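Comments concern the structure below.
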Amino acid sequence: MSNELAERLAAEQRARVLIDLQLAAAGWVVQDKSGLNLFAAQGVAVREVTMASGHGRADYLLYVGKKAVGVIEAKPQGNTLSGVEWQSAMYAEGLPAEVRLKALTVAGRLPFVFESSGSELHFTNGFDPEPRSRALFHFPRPETLARVLRDAEADPASPTWRGKVRSLPELDLARLRPAQIKAVRGIEHSLAQQRYKRSLVQMATGAGKTYTAVTESYRLLRHGGFGRVLFLVDRNNLADQTLAEFQDYSTPGDGRKFTEIYNVDKLTKAGLLASSSVVISTIQRVFRVLQGDEVPDVDDPNLDGYIPDAPVSVSYNPEMPPETFDLVIVDEAHRSIYGVWQGVLKYFDAHIVGLTATPGKQTFGFFEQNLVSEYTYQESVADLVNVDFDVYRIRTEISEQGSQIERGTIVPKVDRRTRAQRLEALEDDLTYTAKQLDRAVTSKSQIRTVLETFRDRLYTEIFPGRSTVPKTLIFAKDDAHAEEIVTLVREVFGKGNDFAAKITYTARDSKRQLQAFRTSPTLRVAVTVDMIATGTDVKPLECVFFLRDVRSGQYFEQMKGRGARTIAAADFQAVTPDAEVKTRFVILDAVGVTEHAFCDAPLNRVHGVGMKKLLDKAAALTLTEDETATLASRLAKLELNLTDAERTELDSVAGRSMREIVRGLVDAVDPDTQIKHVANNGEVQELLDRAIEPIAANPELRTRILELRATHDRVIDEVSRDILLDAHGVVDTSRAQALVESWRDYLNEHRAEITAIQILTESGDRRATFKDIQDLANRIARPPRNWTSDIIWNAYGALGVQVGGNVAGHRKLTDLVSLVRYAVGAEDELVPYADRVKERYAGWLAQQQQAGVVFTDVQRWWLDRIVSVIAASAEFSTQDLDDAPFTERGGTEGALRDLGDNAGVLIDELNTELTG
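According to the numbering used here, the sequence shown is numbered sequentially starting from 1.
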């Protein structure tokens with residue numbers, strides 16, 4: 001035997017020693033062929049089994065439940081394993097007759113095929129739709145392979161999740177935003193294609209990443225054959241928020257809560273629970289479990305914020321084997337997770353999904369550039385998912401340049417550990433820079449000056465017209481800095497402890513304080529270091545205040561995102577009473593953080609230019625790129641103020657969704673879109689003009705936008721001082737005459753575009769619906785007219801117009817019908833609409849009586865109430881029969897019972913006769 005062959009055999013033998021140890025650690029009993037005992041354990045690995053003639057000898061034959069299910073081909077360390085797959089495949093196909101009788105095969109071969117050198121392991125699962133080898137950290141346990149066999153027996157067509165994900169049911173779109181739909185479909189497409197082991201979702205902060213992940217988890221657990229999901233969060237306090245998302249999630253179909261079907265648990269000192277379908281943890285806690293250590297049940301910032309200096313090494317732990325999870329979701333984790341912590345992620349034989357608002361180069365690299373979905377912050381503003389922001393910069397001399405304290409000056413010194421304060425005279429001059437500020441030195445004057453500037457400019461420049469301090473989150477450099485800021489905030493605003501609080505990991509009862517910050521009208525300012533920096537929702541937040549610098553663009557975006565959330569108007573007003581709708585937030589920058597290259601400009605880039613000027617420039621196609629972005633921001637802000645009816649009206653005038661138009665504007669100013677367009681020999685201005693076209697080509701839309709803007713804007717003049725000139729009673733008919741003439745002119749001018757005017761001024765069979773009349777009322781109620789039925793009616797009264805019927809009280813919406821018809825000469829007397837309907841009803845009843853038709857008291861009950869609806873709504877539909885008061889007597893069925901088969905004819909006749 002040559003020395004080279006002897007060395008190779010020795011190396012292979014060493015590999016087998018390692019393989020024996022690894023199999024034993026995974027729960028396999030390793031035996032020689034001569035000592036074969038299939039009753040020894042659920043999993044038995046038999047060494048050196050001679051296969052059928054021409055198929056050689058398998059290094060290991062694997063038995064599960066006394067049946068042969070797989071083989072292992074052992075190779076010396078350093079050998080590439082992909083080159084020996086043919087050999088292990090040959091063993092899998094060449095079973096001797098006595099083994100074949102007790103074997104489970106797929107298409108004539110053993111399903112589980114391994115190649116190992118003791119330091120590297122490849123595995124091919126024959127039950128996968130297109131079996132191919134993949135690297136594993138360690139051999140799976142026998143019970144894992146037994147579960148795969150059971151799944152294959154239960155579903156032979158798609159035994160593994162790699163097969164099941166190819167035929168997932170249609171996604172229920174009802175509660176998902178477009179960006180969430182795109183993300184879920186992107187992940188599932190990536191899973192079905194199996195071209196990558198990892199999928200990255202880039203989704204703007206506040207766009208619903210966690211809800212997306214919960215939706216995906218449910219689909220994969222319910223339909224995709226996944227057994228367990230690991231959900232990694234950035235900090236342990238976010239685990240509670242994530243758990244709440246799972247608990248609140250109503251599943252498609254029967255609407256049961258997620259946690260009624262699947263157990264969702266945080267990773268605690270109890271370890272991994274066998275019943276858990278979803279496990280929520282930080283990566284630091286998972287690493288600790290893999291090391292065999294307990295994890296605390298409480299928040300521990302020293303543990304959850306720990307970042308090692310070098311990449312971690314992971315060892316096999318049978319309590320949490322690599323096959324524990326089929327899916328690992330990494331939600332907004334610190335970028336280090338893909339660097340020093342990636343050994344933990346690679347330990348698991350799972351598909352990894354990353355969710356982030358701000359992917360960096362290292363993130364893209366870890367996910368093999370497999371970006372399955374992208375949704376930017378600007379797009380989220382256009383979709384009303386987030387609000388836009390403004391930047392307010394505060395500069396002070398000490399903030400910019402530092403300062404100097406002369407030798408001999410008596411200064412307070414604080415012990416960092418005990419926070420005990422003592423007075424000492426400086427032995428030398430102390431010069432400190434801006435970077436040393438609030439770390440080596442704390443300048444109370446600098447903090448106070450910044451906070452006083454905030455206080456003094458808050459109601460005049462930052463949030464003009466407001467009187468309540470907006471919910472404000474201040475980022476401090478460390479816990480001691482936060483302590484100083486909280487004290488000074490209370491002093492500067494002259495408020496008590498309930499006004500401002502420190503919410504950090506070291507603060508007492510920080511979770512309760514955080515909840516109070518979300519919901520309490522009293523707690524206005526929170527000071528934090530890292531605890532509320534990422535992932536934590538505080539929707540009413542309007543000021544994000546930086547008293548610390550940030551060097552990471554990813555971290556800054558997450559911190560900025562705390563203020564981005566939209567919130568329902570009622571919820572917003574419950575905590576900030578003097579506000580109406582949250583349409584923006586403000587970044588207050590006292591350290592220059594917004595001047596870094598990574599800080600993107602807001603959409604609202606051009607200040608001091610009004611909406612009308614922007615729309616005029618859009619019509620002339622002369623908007624610049626910054627003005628185009630600003631117009632997108634202003635339109636998105638306007639949409640947040642609109643009612644549902646106004647939003648529908650604007651969409652109708654636009655001929656498409658306004659959100660679609662705003663998205664087009666946002667896309668046109670997106671650098672990536674512009675680069676692609678220029679690469680295809682296009683020009684940026686073409687892109688801008690195309691986006692502006694729906695507005696430029698629609699003068700009516702521009703007019704309507706300005707009308708609605710004026711409706712929701714109210715200027716408060718706090719500058720002008722009024723002086724009383726006169727006070728006496730006057731009947732001014734000239735003003736009433738001018739209004740009546742304007743009313744007639746308006747009807748003539750807008751006859752072609754407003755349906756109600758068309759129908760009410762023409763002779764024909766068409767009837768104006770309540771919606772038509774409501775639309776007319778909305779249009780005339782807007783600036784500059786601000787008309788109502790009462791105002792126009794009273795103007796006619798002031799001119800001495802003969803008014804018939806009951807004129808007492810406020811006018812109803814349907815009285816607009818009478819006003820229109822009188823103005824155009826269709827009626828010679830101005831009578832309230834309800835009185836006119838009753839008059840015509842009396843005439844109709846008389847005609848019926850002359851024709852020999854007599855209605856019973858029961859029938860009159862139905863007819864009288866139908867007429868009342870017509871008087872109030874100008875129409876009656878059969879659907880109204882299923883509303884009060886008709887439901888008292890059986891609704892539609894009751895009408896058919898009491899009015900007979902002629903009920904529909906009677907309703908049509910009343911509609912025609914009474915509204916004509």
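Each residue gets a CB set at the ideal place from its N, CA and C atoms; glycine is no exception. Predicted model, so just to flag it, every value in this text is computed and none were measured.
For residue i, which residues in the same chain have their Cβ closer than 6 angstroms to its Cβ, ignoring the five residues on either side in sequence?
i              : result
threonine 755  : Asp772
asparagine 641 : Val581 and His712
glycine 126    : Val106 and Pro111
glutamate 827  : Arg821
valine 740     : Ala795
glutamate 542  : Pro470, Lys471 and Phe585
glutamine 963  : Given a span of 1 to 916 for the chain in the structure shown, any question on residue 963 remains unanswerable.
Determine the extent of the beta strand (DSSP E) in which residue i is found, giving its start and end residues.
i              : result
glutamate 920  : For the chain, the structure presents residues 1 to 916; residue 920 sits outside this window and is missing.
methionine 203 : 198 to 203
leucine 635    : Note, leucine 635: premise wrong, no beta strand (DSSP E); alpha helix (DSSP H) at 625 to 641.
arginine 228   : Where arginine 228 is concerned, there is no enclosing beta strand (DSSP E), given that its DSSP letter is neither H nor E.
leucine 121    : 121 to 125
asparagine 263 : 263 to 266
serine 133     : Serine 133 -> no beta strand (DSSP E), and no H or E assigned at all.
Give every residue of the same chain whose Cβ lies closer than 8 angstroms to the Cβ of residue i, excluding the five residues on either side of it in the sequence, and list them in chain order.
i              : result
asparagine 911 : Arg767, Ile870, Glu875 and Phe876
leucine 384    : Thr566, Ala636, Glu639, Leu640 and Arg659
arginine 16    : Arg47, Asp59, Ala74 and Gly118
glycine 664    : Arg690, Ala691 and Pro694
leucine 272    : Val279, Val289, Glu319, Met320 and Thr324
valine 450     : Ile394, Thr396, Ser399, Leu547 and Ala590
arginine 919   : In the structure as shown, the chain begins at 1 and stops at 916. Residue 919 is therefore absent and cannot be evaluated.
proline 76     : Arg8, Ala11, Glu12, Arg14, Ala15 and Ser117
Please classify residue i: does DSSP put it in a helix, a strand, or coil?
i              : result
alanine 768    : coil
glycine 43     : strand
glycine 271    : strand
histidine 728  : Its pLDDT being 45, under 50, histidine 728 is placed unreliably by the model, and the measurement read from it follows with that caveat. Coil, per DSSP.
isoleucine 337 : helix
threonine 160  : coil
glycine 78     : coil
glycine 70     : strand
arginine 889   : helix
serine 281     : strand
asparagine 236 : helix
histidine 677  : helix
valine 391     : strand
valine 298     : coil
tyrosine 796   : helix
leucine 914    : helix
Please identify the residue among the options whose C-alpha is closest to the C-alpha of residue i.
i              : options                           : result
arginine 584   : Leu621, Asp155, Tyr392 and Trp341 : Tyr392
aspartate 835  : Ala823, Pro464, Val817 and Pro784 : Val817
isoleucine 283 : Met203, Glu332, Pro252 and Ser116 : Glu332
aspartate 128  : Leu136, Glu115, Arg166 and Ile757 : Arg166
threonine 251  : Gly227, Tyr211, Arg285 and Ala239 : Tyr211
glycine 206    : Gln558, Thr887, Val593 and Asp670 : Gln558
tryptophan 861 : Glu839, Ala872, Gln847 and Thr887 : Thr887
glycine 900    : Ile759, Ser380 and Gln859         : Gln859
valine 606     : Leu588, Leu615, Lys617 and Asp626 : Asp626
Sorted by chain position, which residues of the same chain lie with C-beta nearer than 7 angstroms to residue i's C-beta, five sequence neighbours on each side aside?
i             : result
aspartate 390 : Arg584, Val586, Pro602 and Asn604
arginine 744  : Ala823
arginine 779  : Ile754
Under DSSP, the alpha helix (DSSP H) around residue i begins and ends at which residues?
i             : result
threonine 472 : Run containing threonine 472: none in the alpha helix (DSSP H); it sits in the beta strand (DSSP E), 472 to 475.
glutamate 397 : 397 to 401
alanine 590   : Per DSSP, alanine 590 belongs to no alpha helix (DSSP H) and is neither H nor E.
Hey, is residue i close to the ligand GTP, as in C-beta under 7 angstroms from one of its heavy atoms?
i           : result
leucine 303 : The ligand GTP is absent from the structure shown, which contains no ligand whatsoever.
Below 8 angstroms, can you find three or more Cβ-Cβ pairs linking the segment 397 to 404 to the segment 444 to 454?
yes
I want to know whether the segment 348 to 358 touches the segment 253 to 272 - three or more CB-CB distances under 8 angstroms.
no
Answer yes if the segment 232 to 247 comes into contact with the segment 297 to 304, meaning at least three C-beta pairs across the two stretches below 8 angstroms, and no otherwise.
yes
Cβ pair count under 8 angstroms reaching 3, the segment 222 to 230 against the segment 155 to 172
yes
Just checking, does the segment 138 to 151 make contact with the segment 17 to 30 on the three C-beta pairs under 8 angstroms criterion?
yes
How about the segment 494 to 504 and the segment 523 to 533: do they share at least three Cβ pairs that are nearer than 8 angstroms?
yes
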